Amino acid sequence: MQILTTAAGLHAYTEQARQSGKRVGLVPTMGALHAGHIQLVQAAGAECNEVVVSIFVNPTQFNNADDFRLYPRVPEADAEMLAPAGCTALFIPSVDEMYPSPAVLRFDFGSLERVMEGAHRPGHFNGVATVVSKLFHMARPHRAYFGQKDWQQVAVIRQLVADLSFDLEIVTCPTIREADGLAMSSRNRRLDPAARAAAPRLHQVLATAAAQVQQGIAPAQVRAEAEATLRREPLITPEYVEVADAQTLQPLTGYVPARPVVLCLAAHLGGVRLIDNVVVD
Ligand code: PAF
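Sequence positions in the sequence shown follow numbering that gives the first Met the number 0 and run 0 to 280.
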């Protein structure tokens with residue numbers, strides 16, 4: 000596995016691969032890798048000849064200084080996991096390499112980002128779109144791989160690719176969960192034992208809400224009951240629970256037959272903010 004730290008090095012690596020007819024897969028990450036990331040790397044390895052994984056804790060997508068400062072950083076352990084999973088090149092740039100000058104361009108994803116993460120984390124998707132665009136330009140992948148745990152992020156990146164005509168395909172992989180249902184996340188490492196013990200409630204609440212959606216219970220009631228259940232948990236502070244159209248992400252007031260619904264939530268557990276979602280087809 001090659002270790003690359005410069006944009007020029009990454010560009011040269013993938014350009015040479017493309018010129019020799021190889022297919023390049025890119026897995027953008029912020030490190031502190033878990034089985035969800037490894038699934039993306041393996042999916043890329045099954046479909047591409049070169050698998051580039053980027054590890055970069057992107058400062059521009061954090062709207063909370065503590066969240067950025069405390070974001071887990073374990074590059075050596077990450078690197079050890081990547082080669083056996085099929086990664087052929089690890090791109091691990093510095094902040095100066097990714098942002099030689101502060102980005103002034105601003106993205107606006109309209110209604111897609113006026114809800115949920117976009118509404119609660121101002122500027123978050125601008126930072127995501129900025130860094131993902133940079134990575135797409137530097138690596139010029141044929142395919143880029145993202146996890147469905149970040150459902151809204153995937154929607155925003157698909158819009159980015161469509162609007163800017165990036166010549167690549169977005170591939171998504173399902174959320175990987177711990178045995179007790181907790182969605183795998185790099186931030187789970189920061190949960191103390193009590194918060195970790197409470198965390199599976201997030202998925203349990205989503206599973207109950209999904210069953211209610213299947214029974215046709217009104218979105219407002221599903222939302223209110225899920226939020227009330229979370230509020231009864233002493234260690235959990237819900238930020239939002241949403242019942243939305245899975246494609247447009249707009250909050251629902253009723254259901255449209257054959258249109259998938261996504262149930263999303265964000266909650267704080269002992270100073271750690273987690274998100275999760277389930278889709279009802
Ligand atoms: O999902 C993430 O880890 C990040 O948002 C991403 C896509 C790597 C951009 O920094």
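Idealized CB from N, CA, C, for every residue including glycine. Everything numeric in this text was worked out from a predicted model, so none of it was measured.
Sorted by chain position, which residues of the same chain lie with C-beta nearer than 6 Å to Val153's C-beta, five sequence neighbours on each side aside?
The residues are Phe145 and Thr171.
Taking 6 Å as the limit, name every residue whose beta carbon sits nearer than that to some heavy atom of the ligand PAF, in sequence order.
Qualifying residues, in the order they occur: Pro27, Thr28, Met29, Asn57, Gln60, Val127, Val130, Val131, Asp149 and Gln152.
Between the segment 26–39 and the segment 130–145, do at least 3 Cβ pairs fall closer than 8 Å?
Yes, they touch.
What is the DSSP secondary structure of Pro173, reduced to helix, strand or coil?
In the structure shown, Pro173 sits in coil (DSSP, three-state: anything other than H, G, I, E or B).
When DSSP labels each residue in this structure, what does Asn276 get in the three-state scheme?
It is a strand residue.
What is the residue span of the alpha helix (DSSP H) that Ala118 lies within?
Start and end: Met115 to His119.
In three-state terms, what does DSSP make of Ser53?
Reduced to three states, the DSSP call for Ser53 is strand.
Name the DSSP beta bridge partners of Ala143, please?
Per DSSP, Leu25 and Ile169.
Compute the Euclidean distance between the alpha carbons of Thr87 and Ala34, then round it to the nearest angstrom.
So the two alpha carbons sit approximately 18 Å from each other.
Looking at Pro92: is its Cβ nearer than 8 Å to the Cβ of Phe55?
Yes. Within cutoff.
So Arg188 and Pro71 are supposed to be a Cβ contact under 8 Å. How far apart are they, rounded?
So it is a contact: roughly 5 Å between Cβ atoms.
Buried or exposed: which applies to Asp275, given that a residue is buried once 16 or more other Cβ atoms fall within 10 Å of its Cβ?
Classification for Asp275: buried.
Determine the DSSP secondary structure at Asp244, reduced to helix, strand or coil.
In the structure shown, Asp244 sits in a strand (DSSP, three-state: E or B).
From the DSSP secondary-structure annotation, give me the bridge partner or partners of Ile2.
Partner(s): Leu89.
Tell whether a beta-carbon distance below 8 Å holds between Ala155 and Phe135.
Checking the sequence shown, residue 155 turns out to be Val, not Ala. No; because the gap between Cβ atoms is not below 8 Å, this pair is not in contact.
Report all residues from its chain with a CB closer than 8 Å to the CB of Met115; omit the five preceding and five following residues, and keep chain order.
These residues qualify, in order along the chain: Gln151, Tyr239, Glu241, Ala243, Leu248, Cys263 and Ala265.
Near Ala245, which residues of its chain fall below 7 Å by C-beta distance, leaving aside the five closest residues on each side in sequence?
Cβ within range, chain order: Pro259, Val260, Val261 and Val278.
Do the CB positions of Ser53 and Phe90 come within less than 8 Å of each other?
Taking 8 Å as the Cβ cut-off, Ser53 and Phe90 qualify as a contacting pair.
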